[in-house]
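Colleague: Here it is, the structure in full.
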Amino acid sequence: MSIGEKAEKIKAIIFDVDGVLTDGGIIYDNSGMEIKRFHVKDGQIISHLKKAGMIVGAITGRDSKVVRNRCEELKLDFHYHGVSDKLERYDAIKRHYHLEDAHIAYIGDDINDLGILTRCGLSATPQDARDYMKEHVDYVTPSKGGEGALRDLADMILMEQNRFDDIITYALSQRSDQ
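Residue numbering for the sequence shown follows numbering that gives the first Met the number 0, starting at 0 and increasing by one per position.
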């Protein structure tokens, strides 16, 4: 099945955070506060995905207040933190939302994502992922983690589902012609 055919079936997009929404770096200041950098283009597309009826959420291995805050800000349908068995959580999400593997796109960048990446309907990894990760996915994004990788996947899915033009048309209708 082609990537386009897989993308047409997607009803949910799930993602890892560190290395996907961020560049994978963790900065601690002198007081121990954690600092992460997120790309606004990834955040921007989430509201459009949700308006298009997509389920959107995160499964991350680390438990970070910064990431929790970002997930809340983005109004994700779900976000799970400190998950040691991502595949078990993935299966629970499938049951909860009555989804099949073919309905789910997942983007992750490291070994702990492989269980899901090899089961979901459309798998992706950022451009800067290790080669052994790229060997096991359907789609390698043009962007690196933290530089719009989720946006690349979302745009591609929305385009394949013929929903992207609606987003652009709506955005253009919001301009002021005065």
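All residues carry an ideal CB built from backbone N, CA and C; glycine is no exception.
Only a predicted model underlies this, so the values are computations on that prediction, with no experimental measurement involved.
Measure from the alpha carbon of I156 to the alpha carbon of each residue in Y138, T21, G114, then state which is nearest.
Modeller: Counted from its first residue, the sequence shown places residue 156 at position 157. For I156, the nearest C-alpha among the options comes from Y138.
Colleague: What separation, rounded to the nearest whole angstrom, lies between the Cα atoms of P125 and G52?
Modeller: Translated into the one-based positions of the sequence shown, residue 125 becomes position 126. Translated into the one-based positions of the sequence shown, residue 52 becomes position 53. Between P125 and G52, the C-alpha separation is close to 24 Å.
Colleague: Who does V55 pair with in a DSSP beta bridge?
Modeller: If you number the sequence shown from 1, residue 55 lands on position 56. Paired residue(s): I12.
Colleague: On the criterion of 16 or more Cβ atoms from any shown chain inside 10 Å, does V55 qualify as buried, or is it exposed?
Modeller: The sequence position of residue 55 within the sequence shown is 56, counting from 1. Result: buried.
Colleague: Classify Y105 as buried or exposed, calling it buried when 16 or more other Cβ atoms lie within 10 Å of its own Cβ.
Modeller: Position 106 of the sequence shown, counted from the start, is the residue given in the question as residue 105. Its Cβ being crowded by 16 or more others within 10 Å, Y105 is buried.
Colleague: For R69, count neighbouring C-beta atoms within 10 Å of its own C-beta (all shown protein chains included) and say buried if the count is 16 or more, exposed if not.
Modeller: For the purposes of this step, residue 69 is taken as residue 70 along the sequence shown, with counting starting at 1. So R69 ends up on the buried side.
Colleague: Is the Cβ-Cβ distance between D41 and L75 less than 8 Å?
Modeller: For this step, residue 41 is matched to residue 42 along the sequence shown. For this step, residue 75 is matched to residue 76 along the sequence shown. Not in contact: D41 and L75 (Cβ atoms no closer than 8 Å).
Colleague: Alpha carbon to alpha carbon, what distance is there between S122 and I45?
Modeller: As a working note, residue 45 is residue 46 in the sequence shown. As a working note, residue 122 is residue 123 in the sequence shown. If you take the alpha carbons of I45 and S122, they lie about 18 Å apart.
Colleague: When burial is assigned at 16 or more other CB atoms within 10 Å of the CB, is Y169 buried or exposed?
Modeller: Position 170 of the sequence shown, counted from the first residue, corresponds to residue 169. Y169 is exposed by the Cβ-count criterion.
Colleague: Under 8 Å by Cβ, that's how I've got H102 and K5 pegged, so tell me the actual separation to the nearest angstrom.
Modeller: Residue numbering aside, residue 102 sits at position 103 when the sequence shown is read from its first letter. Residue numbering aside, residue 5 sits at position 6 when the sequence shown is read from its first letter. Wrong, their Cβ atoms sit about 10 Å apart, outside the cutoff.
Colleague: Which class does H78 belong to by DSSP, given the choice of helix, strand or coil?
Modeller: Along the sequence shown, one-based indexing puts residue 78 at 79. H78 falls in the strand class under three-state DSSP.
Colleague: Applying the criterion that 16 or more other CB atoms from any shown protein chain within 10 Å of the CB defines a buried residue, is Y27 buried or exposed?
Modeller: Taking the first residue of the sequence shown as 1, we reach residue 27 at position 28. With fewer than 16 Cβ atoms within 10 Å of its Cβ, Y27 is classed as exposed.
Colleague: Please classify V136: is it buried, with 16 or more other beta-carbons within 10 angstroms of its beta-carbon, or exposed?
Modeller: Working through the sequence shown from its first residue, we reach residue 136 at position 137. Under this definition V136 is a buried residue.
Colleague: So, is A11 buried or exposed, given that buried needs 16 or more other C-beta atoms within 10 angstroms?
Modeller: The residue labelled residue 11 in the question sits at position 12 within the sequence shown. Burial call: buried.
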